[in-house]
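Here this note's numbering = 1-based position in the sequence shown + 9.
One structure below.
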Amino acid sequence: MNVKKALELLSSSTANTLQCLKNDNYKQFSRSPFSKGLTYNLLWIKLFHLFKTFILGFAAAVKSTFEISDVIFIMIISAILHFIYDLFGYITKVLNSLYCIMQNIDSIAQEQMHNIDKLVIDFMLNGKFDKAKEYSDDKVLLAKQTYVLT
10 MNVKKALELL
20 SSSTANTLQC
30 LKNDNYKQFS
40 RSPFSKGLTY
50 NLLWIKLFHL
60 FKTFILGFAA
70 AVKSTFEISD
80 VIFIMIISAI
90 LHFIYDLFGY
100 ITKVLNSLYC
110 IMQNIDSIAQ
120 EQMHNIDKLV
130 IDFMLNGKFD
140 KAKEYSDDKV
150 LLAKQTYVLT
């Protein structure tokens with residue numbers, strides 16, 4: 010039942026379209042031997058042109074979308090590269106300051122090692138080493154005696 014109404018509606022809308030084209034005095038009006046009503050060859054041509062226009066419009070929209078995405082992609086890459094460039098500048102400054110700190114620590118360590126070497130030489134030359142050895146031997150002897158007593 011619904012199919013019948015749909016066919017009637019389609020037939021009436023087609024007939025209305027053909028009548029509208031006839032009223033506009035299109036020259037390519039012809040009578041189809043296979044149909045009861047009037048048809049236009051121009052109708053099919055117009056439908057083809059509409060479809061072609063739709064396809065061309067769709068292609069233009071897709072092309073412009075891709076162009077916009079290209080611009081956005083280039084802007085994003087540019088921002089990322091600028092950020093990386095700034096980051097490398099910052100890292101370079103931090104590494105330079107850390108290198109200076111390491112140089113300072115190294116010079117302080119070298120200075121302290123020199124001082125220790127001087128103290129060791131002074132300790133050995135003044136004979137304090139033998140005295141220190143005696144004290145340490147006395148301590149060991151005292152520890153042994155304490156152990157034996159307990």
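Each residue gets a CB set at the ideal place from its N, CA and C atoms; glycine is no exception.
Predicted, not measured: the structure shown is a model, and the values here were computed from it.
- [ ] From the DSSP output, in three-state form, read off N135 for me.
- [x] Translated into positions along the sequence shown, residue 135 becomes position 126. Note: N135 maps to coil in three-state DSSP.
Task: Rounded separation between Q121 and L134 - CA only - done: Position 112 of the sequence shown, counting from 1, holds the residue named residue 121. Position 125 of the sequence shown, counting from 1, holds the residue named residue 134. Going by C-alpha positions, Q121 is about 20 Å away from L134.
- [ ] In angstroms with no decimal places, state the Cα-to-Cα distance between L47 and L65.
- [x] In the sequence shown, the residue the question calls residue 47 occupies position 38. In the sequence shown, the residue the question calls residue 65 occupies position 56. The pLDDT assigned to L47 is 47, lower than 50, so where the model puts this residue is not dependable, and the model offers no usable value.
TODO: Verify the CB distance criterion: does I54 have a CB-CB separation below 8 Å to chain C?
DONE: Looking at the structure shown, chain C is missing, and only one protein chain is on hand.
TODO: Would you kindly work out how many angstroms separate the C-alpha atoms of D126 and F132, rounded to a whole number?
DONE: To locate residue 126, count along the sequence shown from 1; it is residue 117. To locate residue 132, count along the sequence shown from 1; it is residue 123. Straight through space, the alpha carbons of F132 and D126 are spaced by roughly 10 Å.
Open item on the list: Using only the alpha-carbon positions, how far apart do N113 and Q119 sit?
Closed with: In the sequence shown, counting from the first residue as 1, residue 113 sits at position 104. In the sequence shown, counting from the first residue as 1, residue 119 sits at position 110. Counting only the Cα atoms, Q119 lies some 10 Å from N113.
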